[in-house]
Structure formats: C-alpha cells, structure tokens
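Throughout, my numbering is defined as the position within the sequence shown, counted from one, plus 296.
Every residue gets a Cβ at the ideal spot worked out from N, C-alpha and C, and that includes glycine.
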Amino acid sequence: MLNNGPPFPGNDPEILVIGAGAVGLVLGLALARSGRRVTLIEGGPATPPADFMARNHGPNTGLGHIGLVEGRMKALGGTTRLWGGQLVPFGPSDFRATYAGKPAWPIDYEELRPWFDRAFEFLRVAEATRDPGAVWRRVGGAPIDLGASFEATMNVWLPVADFTKLFATEIADLPTLRIVTDIKATALEFAPDGRVAAVRATSRQGVIHRLTAPQVVLANGTMEAARLLLRAAATATDCPFAGNVHIGRGFIDHVHGIVGRVEGGDVARLRAGFENILVNGCKYSVKVRASDEFLERHGIANCAATLNASGSIRQAVADARDLFRRVFAQGAWRHAGATLAEAARTVRMLAPILWTYLVRRRSYSLFDRGILLGLEIEQIPVAESYLFLDPAAPPETAAIGLHWAFDGRELEAADLFCAELARSFAEHGLGTITLDPRVAARDPALFADLHDAFHHMGGARMAADAGEGVVDRDLRVFGCDNLSVLGAATFPSGSFANPTLTAIALALRLAERLDADIGDGRC
Numbered sequence: 297m298l299n300n301g302p303p304f305p306g307n308d309p310e311i312l313v314i315g316a317g318a319v320g321l322v323l324g325l326a327l328a329r330s331g332r333r334v335t336l337i338e339g340g341p342a343t344p345p346a347d348f349m350a351r352n353h354g355p356n357t358g359l360g361h362i363g364l365v366e367g368r369m370k371a372l373g374g375t376t377r378l379w380g381g382q383l384v385p386f387g388p389s390d391f392r393a394t395y396a397g398k399p400a401w402p403i404d405y406e407e408l409r410p411w412f413d414r415a416f417e418f419l420r421v422a423e424a425t426r427d428p429g430a431v432w433r434r435v436g437g438a439p440i441d442l443g444a445s446f447e448a449t450m451n452v453w454l455p456v457a458d459f460t461k462l463f464a465t466e467i468a469d470l471p472t473l474r475i476v477t478d479i480k481a482t483a484l485e486f487a488p489d490g491r492v493a494a495v496r497a498t499s500r501q502g503v504i505h506r507l508t509a510p511q512v513v514l515a516n517g518t519m520e521a522a523r524l525l526l527r528a529a530a531t532a533t534d535c536p537f538a539g540n541v542h543i544g545r546g547f548i549d550h551v552h553g554i555v556g557r558v559e560g561g562d563v564a565r566l567r568a569g570f571e572n573i574l575v576n577g578c579k580y581s582v583k584v585r586a587s588d589e590f591l592e593r594h595g596i597a598n599c600a601a602t603l604n605a606s607g608s609i610r611q612a613v614a615d616a617r618d619l620f621r622r623v624f625a626q627g628a629w630r631h632a633g634a635t636l637a638e639a640a641r642t643v644r645m646l647a648p649i650l651w652t653y654l655v656r657r658r659s660y661s662l663f664d665r666g667i668l669l670g671l672e673i674e675q676i677p678v679a680e681s682y683l684f685l686d687p688a689a690p691p692e693t694a695a696i697g698l699h700w701a702f703d704g705r706e707l708e709a710a711d712l713f714c715a716e717l718a719r720s721f722a723e724h725g726l727g728t729i730t731l732d733p734r735v736a737a738r739d740p741a742l743f744a745d746l747h748d749a750f751h752h753m754g755g756a757r758m759a760a761d762a763g764e765g766v767v768d769r770d771l772r773v774f775g776c777d778n779l780s781v782l783g784a785a786t787f788p789s790g791s792f793a794n795p796t797l798t799a800i801a802l803a804l805r806l807a808e809r810l811d812a813d814i815g816d817g818r819c
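Written out as structure tokens, the structure reads:
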C-alpha cells in the first residue's frame, strides 16, 4: 500500500528498501508477492515535482555530465517517470575482462541469463513480444547481414514505461508492501557486530524517524546510494566499511554522439533494416553492435551504432516536447491562441508518422534527406572517475558530486569499430560512411561533442572481495552482511546497453536470496 507520508504504523518490516524507483519497486513487489513484509521509503513525493532538476544539483568537476542534474527523478517510480522504457540485456562478453583494466564480474552471463527472462516476464513482456525473429516475420523483413564483426540487435521498449502505472494495482493493494513517500534516508547506524542497526530518515516536515529491519537495501539510484555509503563512512565511527577505498570510485556512463554520415547508399534497404518498428503497441529499435569475437580480438570497449535521420523529424520531436513542457508542465494557458497554433503546426508535421504507424507498423524516417551515424560507447572504468560528497558542506548534509573522467581508450574502440563498419557498409552496398576526422585521429577533442546517456553506473561495484569492490556477488556490502546495494551502482562495467533490464534481473535475483535468508533465519 502507498502512504503519502509518516507515521509508520506497525513498523516491523522484514526488509527495508531505500528508494522506490525501478529496482526498488521491483524488489519490493517481488518480496511482497512471496508474503514478505516490505517497507519502501522514497525521498521524493508520490507525484514528480516540476522542479525535480533543482533537487539534483551538486558539484561537477572534470568533464561536464548532463545527467547529474537532468537524469535523476526523486519521486515514486524514480527515473521510470522520465525514461523511454528500452530493455536491452547485457551479453556474454560484458561480464568478462575483455580488455586491459576491465574488472570481470563475479557472476557470468549464463548465471544471470535466466533472470533476464524472469525480468521480461515481471515487466509483462511476453516471450513472443521479445523474440526478434517473430517481430521481423511480423513486418515481413529481416536484419541486415553486416558480417562476423557485427550483430544487429532489436530492442523492445515497454508500452508502459512508468512503473507507477505498470504496477499501480499492486502498489495500492499488496497487503505486505508499504511505500512511504517524502521521507529521505539520511544516515545509517551500526551495531557492534557491524550490521545495520537502524536507518535514520527525515520526513518533509523535518521529523526524524529511526527505522529498523533485519535486512536493509539501498535501491535509491547510483548517486544517492553512493552518498549514503560515503556519508556513513565519513560520519559513523563504527562504520564497518569506512576503509573501503572503492566507494564512489569507477563511476561510468555511456558516451553518445554523432560521428559521421552515410551517403550514396541503398535507402530502401537501410530503411527496411534500421527503422524503428511498431507492432501490437510495442516499439522496437535496431542497433548494430560489435560482436563478442570482434571485441575480444581487439581487446576494446563495447560499441554500438545507430542510424539517425538528419531531416526535420528531429526538430518536430523537439518542438512537441517543448510544447508539452510549456502547456502541460507549466500550465501556460494564458497564451492559448499561440500554443494551439503551434500544436496544429506540429500535428501537421507529425501526420506522416501516424500514417506510417497505421499502414506499415514502422516508425517514420527521413532517411532520404540524409543519414547520420550515431555511436554509443562503453566507458572504461577508472578510479579517476568518481562520486564524492560536496566538500563545501558537512558530510551529514552534503550533496553528491561527480568528477567525470575517461580512460581515453574509448577513442581506440570508436576508431576500430567505425572503420570496420565503414568497410562493411561499402562491401554490402549500403553506402559510404564519412567519419568525423577526429575518430580516426583518436583525438580527445571528440569527447567535447559527445554526451552522457543518463545511465549512471558504478561507485559500489560488485567484486570477489573488498580489495576489489564494495559488494559481493550477492550484493551484500563487504563487512556489513545485512546491508545490500541494488542497481547499476554495483556494475563493474557497463556494456553499451541501457542498464535497466540488467539491474531488474539482479533485483529479482536479490529478492530470491533475501527470501531464502529470512526463511533460513539468517536475519
């Protein structure tokens, strides 16, 4: 059930989950379905605040990172209130040490693969819906063959991306699930044996609560989880993980940008192979990723390419988004005549998209007006990219800050991947790829024109022991066996793919472990 604020009647949960975003909700629902008493506390309100970005400010040193401010939502549902719903599983090579300095995961792909299937099922994505072969047959097409160095991936997007809507009935009705909003976890207290004794949390009214549970899970996002861990290490004299130097270290994101143009190609084949697909209310996007063999042969970070229309569709989408912001988010009805005129113009521009959806079940493209090559690159984890508490404030209240830095070998991966892709396009008659010269030169200046993807990972990475990370293979914090961290903060590396599906798979795996631990009396 959803409480809009304290008090906590019958405060006796078996598991206390901090954060009610994507992974927190999935974990809480999975445990509550099995009959476990679960309390989720969410620092933000039940409804996303209009000023959500203002609540995210913190110092950003190193390279500029847009997602520090724009990519976090502190509200029930977390960033599922913002994202598009793309589901992409990590692949086998993503869990292995495929290049120098890449930490191997303490779990492998085969161990996690069944949990990907369970994650899809939990999110109500049927097996037929997520089968690329079935989707291609449905639209009478097939992926373009680009040779052994590449794989064409088809990614499904959730029709209902907002988890507060997807799971609305259970959020309201599950009797063993309690969700309390507008209460922010501020500190961890520890028992002499190193376990978490209590979580201190402050309500919007300033009331401090001391919450207890046999098991505590930090599921409040990469940056906020790091803030609580760093705060505990800095302020609690009996913190069992105070000496762990990996907390906050190895922050990673995905690096995106336009790096070239495709010219003189077979537009019809490119449209058939790379346009988004719409079938039975589901959207599918097609990307070209490096094959595992190519990655391991060259020892480089993962990469994927997208083909992007350079015509006016991009501006139309931006116009529509801006219109929504002004009319609906800010209630700007005072100038209704002007905004309605803009709306009519936008509808006229978007009419071909609606026709394409109805007739061909494919998303509209303006490939005949030019094709831009987009690149998505895995960021290589380095200790020099890290999260920290703002030194301008006491650690008890400090905002989380980010020093974003690159290893630099991401440029090598971009160069090798793009050069091979250009060769493959030419060999298969798909067109000539003209690249930004900084790609072949491996020029660090290219980073200035790339951007983050709001895919915050690392800072509490999973490892075999405390000498290499923050949590073990079962997501327990080293030295504190009733405290777990859940989410992309625990990822040792990041692939090229959206991390949400992998994080949800880990949430379901953690739910099974916590259920078993409680059943065995280990709490």
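Can you look up residue 343 in the DSSP assignment and give me helix, strand or coil?
coil
Does the beta-carbon of residue 423, which I'm using as the reference point, lie nearer than 6 Å to any heavy atom of the ligand ADP?
Among the components modelled here there is no ligand, and therefore nothing to report on the ligand ADP.
Buried or exposed for residue 545, going by 16 or more other Cβ atoms inside 10 Å?
buried
Is it the case that the segment 787-803 contacts the segment 669-688, given that we only count it when at least three CB pairs across the two stretches are under 8 Å?
yes
If you check the beta carbons only, do residue 433 and residue 691 fall under 7 Å apart?
no
What first and last residue would you give for the beta strand (DSSP E) that runs through residue 674?
667-674
With distances taken Cα to Cα, identify the nearest neighbour of residue 811 among 329, 314 and 315.
Between residue 811 and the set 329, 314 and 315, the nearest pair of CA atoms involves 329.
Output the distance between the C-alpha atoms of residue 717 and residue 438, rounded to the nearest integer angstrom.
19 Å
From which residue to which residue does the beta strand (DSSP E) around residue 713 run?
Run containing residue 713: none in the beta strand (DSSP E); it sits in the alpha helix (DSSP H), 706-723.
Rounded to whole angstroms, what's the CA-CA distance from residue 628 to residue 403? Just pull it up for me.
In this prediction, residue 628 scores a pLDDT of 37, lower than 50, which makes its location untrustworthy; the coordinate-derived value is nonetheless stated afterwards. So the two alpha carbons sit approximately 51 Å from each other.
Once the 5 residues before and after residue 595 are set aside, which same chain residues still bring their CB inside 6 Å of it?
Same-chain partners within the cutoff: 395.
Would residue 519 and residue 696 qualify as a contact pair, given that the criterion is a beta-carbon distance under 7 Å?
With contacts defined by Cβ atoms closer than 7 Å, residue 519 and residue 696 form a contacting pair.
State the CB to CB distance for the pair residue 806 and residue 782, rounded to an integer number of angstroms; the pair is presumed to be in contact (CB under 8 Å).
6 Å
Between the alpha carbons of residue 521 and residue 384, how many angstroms are there, rounded?
Each residue's CA atom was taken as its position, placing residue 521 and residue 384 some 23 Å apart.
Only counting runs of 4 or more residues, tell me where the alpha helix (DSSP H) segments fall wholly within the segment 455-502, in order along the chain.
459-462 and 464-469
Who are residue 683's beta bridge partners in DSSP?
698
Where the alpha helix (DSSP H) containing residue 800 begins and where it ends:
796-815
Would residue 312 pass as a contact of residue 509 if the rule is Cβ separation under 7 Å?
yes
Spell out the partners DSSP gives residue 358 in its beta bridges.
Bridge partners of residue 358: 700.
Rounded to whole angstroms, what is the Cα-Cα separation between residue 456 and residue 489?
44 Å
What are the boundary residues of the alpha helix (DSSP H) that residue 588 is part of?
Residue 588 -> alpha helix (DSSP H) spans 588-594.
If you draw a straight line from the alpha carbon of residue 577 to that of residue 417, how long is it in whole angstroms?
17 Å
Please list, in chain order, all residues of the same chain as residue 530 whose beta carbon is under 6 Å from its beta carbon, the five residues on each side excluded.
The residues 691, in chain order, have a CB closer than 6 Å to that of residue 530 in the same chain once the five nearest residues on each side in sequence are set aside.
N-terminal and C-terminal residue of the beta strand (DSSP E) that residue 777 is part of:
776-781
Under a three-way DSSP split, which group does residue 556 fall into?
strand
Integer Cβ distance of residue 372 from residue 342, believed to fall under 8 Å
5 Å
CA-CA distance, residue 358 and residue 566?
38 Å
Just verifying my parser: in three-state terms, what is the DSSP assignment at residue 369?
coil
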